[in-house]
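**Q** Line by line, the protein sequences are chains A and B. With the working numbering, letter number 26 in the first sequence gets 26, and the count goes up by one each step, no holes. Each number in the working numbering comes from the position in the second sequence (counting from 1) with 39 added on.
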Amino acid sequence: MSDWGWVSLTYGVVYSTLAIYTISLVRRRRRLGDGQGSP
Amino acid sequence: MSARPLDLAAIGTLVTAFVAGLVVPPDAVQGDLQRIMYVHVPSAWLAYLSFTVTLVASVAYLRVRSLRWDRLAGASAEVGVVFTGLALVTGMIWGKPVWGVWWTWDARLVLTAVMFFVYLGYLALRRSFEDPEVRAHRSAVLGVVAALQIPIVHFSVTWWRGLHQPPTVLRPDNPQIDAPLLFALLMAVTAFTVVFVALVSRRAELTAAEDAARHPDDTDATAGSAITAPIVGGRTT
Numbered sequence: 001m002s003d004w005g006w007v008s009l010t011y012g013v014v015y016s017t018l019a020i021y022t023i024s025l026v027r028r029r030r031r032l033g034d035g036q037g038s039p
Numbered sequence: 040m041s042a043r044p045l046d047l048a049a050i051g052t053l054v055t056a057f058v059a060g061l062v063v064p065p066d067a068v069q070g071d072l073q074r075i076m077y078v079h080v081p082s083a084w085l086a087y088l089s090f091t092v093t094l095v096a097s098v099a100y101l102r103v104r105s106l107r108w109d110r111l112a113g114a115s116a117e118v119g120v121v122f123t124g125l126a127l128v129t130g131m132i133w134g135k136p137v138w139g140v141w142w143t144w145d146a147r148l149v150l151t152a153v154m155f156f157v158y159l160g161y162l163a164l165r166r167s168f169e170d171p172e173v174r175a176h177r178s179a180v181l182g183v184v185a186a187l188q189i190p191i192v193h194f195s196v197t198w199w200r201g202l203h204q205p206p207t208v209l210r211p212d213n214p215q216i217d218a219p220l221l222f223a224l225l226m227a228v229t230a231f232t233v234v235f236v237a238l239v240s241r242r243a244e245l246t247a248a249e250d251a252a253r254h255p256d257d258t259d260a261t262a263g264s265a266i267t268a269p270i271v272g273g274r275t276t
């Protein structure tokens, strides 16, 4: 694999993981209903 | 749930860091492969920061017994596990073309993996108690003890000789990195820190909502505040 291939793979892993984790937090919160509890 | 200013700031700094990491000149030795540093190093630093926040919040909980501190400790630990996992995976991807192997039994790598699994255990411990106050107390103790690993992981590259390079920026003498590359790295660290704050905020809020759903009659933020004096002879004592 080329250098840019390794770089693309790394960036893809990092940014997609952060996106998936963020979406999971938002969806779990939405499932519980807005307005319950406070941090 | 709509986007908040913090979320927009996280996305904005992340996009800026992404662009900066791709447009700065390549490294003289590693070429474009060195661009992996702009996500690997911030992930590792944010792992340290996350677990340090868990330590501080755990100590605060043990002192004031407020569940807000417990939620912050738990949220930060979970986000820290995500960043530690990213540091391990991006390190492996970087190691394959540079070192020729995905994994080697280097002190930094092994200790980082141990830290990852210890905090996974911390998260498992938090899920094993139904009562938020029991959960808060037991996980706070582990949150303090587990933090002993952070300096050991950080200084492992100077205490033991291994394949992993010693510190480049956080070293006693001047940082051994060119200004444009340092700028891109600091930009990435800033972006990841904003992302960390946004994620911890959302995760702590989710924990509060989960606690409220499980214990609808006990939504006080402070442990023990719901305990009232027993009624004796029709009067509270």
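Ideal Cβ placement from N, Cα and C applies to all residues, glycine included.
Alpha carbon to alpha carbon, how far is Phe235/B from Met226/B?
**A** Position 196 of the second sequence, counted from the start, is the residue given in the question as residue 235/B. Position 187 of the second sequence, counted from the start, is the residue given in the question as residue 226/B. Distance between the alpha carbons of Phe235/B and Met226/B is about 14 Å.
**Q** Within 8 Å (strictly less), CB to CB, does Leu125/B reach chain A?
**A** Your numbering for residue 125/B matches position 86 in the second sequence. It does: the Cβ of Leu125/B has a partner Cβ on chain A nearer than 8 Å.
**Q** For Ser82/B, go through chain E and note every residue whose CB falls closer than 9 Å to its CB, in chain order.
**A** Absent from the structure is chain E; the protein chains it does hold are A and B.
**Q** Grouping DSSP H, G and I as helix and E and B as strand, with all else coil, what is Ser8/A?
**A** By one-based count along the first sequence, residue 8/A stands at place 8. If DSSP states are grouped into helix, strand and coil, Ser8/A belongs with the helices.
**Q** For the pair the region 125-144 of chain B and the region 99-116 of chain B, tell me if three or more CB-CB distances fall below 8 Å.
**A** The answer is no - the region 99-116 of chain B does not touch the region 125-144 of chain B, with fewer than three Cβ pairs under 8 Å.
**Q** Confirm, please, whether the CB-CB distance from Val157/B to Ala185/B is below 8 Å.
**A** Taking the second sequence and counting its residues from 1, the one referred to as residue 185/B is at position 146. Taking the second sequence and counting its residues from 1, the one referred to as residue 157/B is at position 118. Yes, the pair counts as a contact, with Cβ atoms nearer than the cut-off.
**Q** With Leu277/B and Ala175/B assumed to form a contact (beta carbons below 8 Å), what rounded beta-carbon distance in angstroms separates them?
**A** Residue 277/B is absent from the structure shown; chain B starts at 40 and stops at 276.
**Q** Within 8 Å of any Cβ in chain A, is that where the Cβ of Ile189/B sits?
**A** Taking the second sequence and counting its residues from 1, the one referred to as residue 189/B is at position 150. So, not an interface residue.
**Q** Does Gly273/B come out as helix, strand or coil in the three-state DSSP assignment?
**A** Stepping through the second sequence from its first residue, residue 273/B is reached at position 234. At Gly273/B, the pLDDT of 42 sits below 50, so the modelled position is not reliable and the matter cannot be decided from this model.
**Q** With 8 Å set as the bound, which would you pick, yes or no: does the beta-carbon of Thr129/B sit closer than that to a beta-carbon of chain A?
**A** Indexing the second sequence from 1 puts residue 129/B at position 90. It does: the Cβ of Thr129/B has a partner Cβ on chain A nearer than 8 Å.
**Q** Could you check which residue in Ala86/B, Pro65/B, Phe90/B and Met131/B has the C-alpha nearest to that of Gly182/B?
**A** In the second sequence, the residue the question calls residue 182/B occupies position 143. The shortest Cα separation from Gly182/B among Ala86/B, Pro65/B, Phe90/B and Met131/B belongs to Phe90/B.
**Q** DSSP on Ser195/B, reduced to helix/strand/coil?
**A** Stepping through the second sequence from its first residue, residue 195/B is reached at position 156. Three-state result, Ser195/B: helix.
**Q** Can you list, in chain order, the residues of its chain whose CB lies under 8 Å from that of Glu169/B, leaving out five sequence neighbours each side?
**A** Mapped onto the second sequence, residue 169/B falls at position 130. Excluding positions up to five away in sequence, the list reads Arg253.
**Q** So, with DSSP's three-state summary, where would you put Ser2/A?
**A** What you label residue 2/A is simply residue 2 of the first sequence in a count that begins at 1. If DSSP states are grouped into helix, strand and coil, Ser2/A belongs with coil.
**Q** Just list the residues that DSSP pairs Asp66/B with in beta bridges.
**A** As a working mapping, residue 66/B is identified with position 27 in the second sequence. The partner list for Asp66/B (beta bridge, DSSP) reads Gly70/B.
**Q** With distances taken Cα to Cα, identify the nearest neighbour of Val80/B among Leu221/B, Pro64/B and Thr52/B.
**A** Your numbering for residue 80/B matches position 41 in the second sequence. If we check each option's Cα against that of Val80/B, Leu221/B comes out closest.
**Q** Return the CA-CA distance between Leu245/B and Val95/B, expressed in angstroms with no decimal places.
**A** Along the second sequence, one-based indexing puts residue 245/B at 206. Along the second sequence, one-based indexing puts residue 95/B at 56. Using only the alpha carbons, I get a separation of about 20 Å.
**Q** Please list, in chain order, all residues of the same chain as Val196/B whose beta carbon is under 6 Å from its beta carbon, the five residues on each side excluded.
**A** The residue you call residue 196/B lines up with position 157 of the second sequence. The residues are Arg147, His203 and Pro205.
**Q** Apart from the five residues on each side of it in sequence, which residues of its chain come closer than 8 Å, Cβ to Cβ, to Phe155/B?
**A** Looking up residue 155/B in the second sequence gives position 116. Here the set comprises Val120, Thr123, Gly124 and Leu127.
**Q** Mind listing, in chain order, the continuous beta strand (DSSP E) runs of no fewer than 3 residues lying wholly within the region 112-167 of chain B?
**A** The region 112-167 of chain B contains no whole beta strand (DSSP E) run of 3 or more residues.
**Q** Can Leu45/B and Ala237/B be called in contact, C-beta distance under 8 Å?
**A** On the second sequence, residue 45/B is found 6 positions in, with the first residue counted as 1. On the second sequence, residue 237/B is found 198 positions in, with the first residue counted as 1. Cβ distance < 8 Å, so Leu45/B and Ala237/B count as in contact.
**Q** Label Ser16/A either buried or exposed according to how many other C-beta atoms from any shown protein chain fall within 10 Å of its C-beta, with 16 as the threshold for buried.
**A** For this step, residue 16/A is matched to residue 16 along the first sequence. It counts as exposed.
**Q** Sorted by chain position, which residues of the same chain lie with C-beta nearer than 6 Å to Val92/B's C-beta, five sequence neighbours on each side aside?
**A** Indexing the second sequence from 1 puts residue 92/B at position 53. Taken in chain order, the residues that qualify are Ser115.
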